[in-house]
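**Student:** Using UniProt numbering, read the sequence shown as starting at 1 and increasing by one per residue. Backbone N, C-alpha and C fix where the C-beta goes; we use that ideal spot for every residue, glycine too. This one's a predicted model, so the numbers in the text were calculated from it and none came from an experiment. This is the structure, below, for whatever I ask next.
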Amino acid sequence: MGMSGPDVMFNPAPAPPGGLPEDVYEGVDHLIMNETEAELMAPPGRPASGRDQVARYFHQLGVRYVVVTLGSKGVWYSATDAGEGSYRATNEMPAAQVSKVLDTTAAGDTFVGAYAVSVARWREQRRGEGKAGLDLSEEEKVLRYTKVLDEAMEVSTRASARCVERQGAMDSIPWEDEICPTLRDPVP
1 MGMSGPDVMF
11 NPAPAPPGGL
21 PEDVYEGVDH
31 LIMNETEAEL
41 MAPPGRPASG
51 RDQVARYFHQ
61 LGVRYVVVTL
71 GSKGVWYSAT
81 DAGEGSYRAT
91 NEMPAAQVSK
101 VLDTTAAGDT
111 FVGAYAVSVA
121 RWREQRRGEG
131 KAGLDLSEEE
141 KVLRYTKVLD
151 EAMEVSTRAS
161 ARCVERQGAM
171 DSIPWEDEIC
181 PTLRDPVP
């Protein structure tokens with residue numbers, strides 16, 4: 001699968017019980033859900049029996065990145081080539097430290113926004129290297145499916161942590177320099 005088009009991110013909130021028709025997922029690159037949404041989006045007729053099984057189901061439908069946010073516990077992801085490729089990475093990362101939770105209203109949206117910015121910056125870096133639209137080499141897959149995603153998860157969980165420390169939806173979303181002063185630096 002080439003990388004010539006934009007990455008499509010889907011956050012099914014609120015998630016429809018039983019998910020969506022399976023052919024919808026062919027066009028989704030990143031599926032980002034919380035634990036409840038993952039249960040609701042589980043394969044029809046099969047209960048969700050763990051994140052790994054749910055991720056494999058979505059990978060087989062063409063989704064390359066399955067991200068499950070775990071609230072105060074952190075985030076878990078699974079990444080592979082569409083259709084369950086030869087290399088697959090999974091990782092669970094803890095939530096960023098929070099001084100005091102005031103309002104969780106925009107935490108999920110803030111996570112998705114920070115994640116989207118991280119992915120876009122990685123793609124922009126590839127474009128700057130003259131690799132836009134080219135398939136990833138095996139070495140680049142390992143880098144993207146581990147280091148790049150770990151960094152995206154770290155930034156996203158920090159953004160959510162700052163968000164829940166404030167009141168309101170829009171006002172609670174942190175500015176980039178509040179999350180990480182070096183966020184503008186390209187991912188190696």
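Under DSSP, the alpha helix (DSSP H) around residue 153 begins and ends at which residues?
**Tutor:** Numbered from its first residue, the sequence shown carries residue 153 at position 153. Counting along the chain, the alpha helix (DSSP H) containing residue 153 begins and ends at 149-164.
**Student:** Pull the bridge partners of residue 67 from the DSSP assignment, please.
**Tutor:** One-based indexing of the sequence shown puts residue 67 at position 67. For residue 67, which the question treats as bridged, DSSP gives the partners 32 and 77.
**Student:** Can you tell me whether DSSP reads residue 129 as helix, strand or coil?
**Tutor:** Within the sequence shown, residue 129 is the residue found at index 129, counting from 1. In the three-state reduction of the DSSP assignment, residue 129 falls in the coil class, being assigned neither a helical nor a strand state.
**Student:** Start and end of the beta strand (DSSP E) containing residue 89?
**Tutor:** By one-based count along the sequence shown, residue 89 stands at place 89. Per DSSP, residue 89 belongs to the beta strand (DSSP E) from 88-93.
**Student:** State buried or exposed for residue 33, treating a residue as buried only when at least 16 other CB atoms are found within 10 Å of its CB.
**Tutor:** The residue given as residue 33 occupies position 33 in the sequence shown. By the neighbour-count rule (16 or more Cβ atoms within 10 Å), residue 33 is buried.
**Student:** Roughly how many angstroms lie between the CA atoms of residue 110 and residue 101, to the nearest whole one?
**Tutor:** Position 110 of the sequence shown holds residue 110. Position 101 of the sequence shown holds residue 101. Rounded to whole angstroms, the separation of the alpha carbons of residue 101 and residue 110 is 15 Å.
**Student:** If you count every other CB in all the chains shown that lies within 10 Å of the CB of residue 87, and 16 or more means buried, which is it?
**Tutor:** Residue 87 sits at position 87 when you count from the first residue of the sequence shown. Classification of residue 87: exposed, given that the 10 Å Cβ count is below 16.
**Student:** Could you name the residues of the same chain whose beta carbon sits closer than 8 Å to that of residue 22, not counting the 5 residues immediately before and after it, in chain order?
**Tutor:** Mapped onto the sequence shown, residue 22 falls at position 22. Residues of the same chain with a CB within less than 8 Å of the CB of residue 22, apart from the 5 flanking positions on each side, are 61 in chain order.
**Student:** Below 7 Å CB to CB, which residues in the same chain sit around residue 183 once its five sequence neighbours on both sides are set aside?
**Tutor:** For the purposes of this step, residue 183 is identified with residue 183 of the sequence shown, where counting begins at 1. With a pLDDT of 48 at residue 183, under the threshold of 50, the modelled position of this residue cannot be trusted, and the question is left open.
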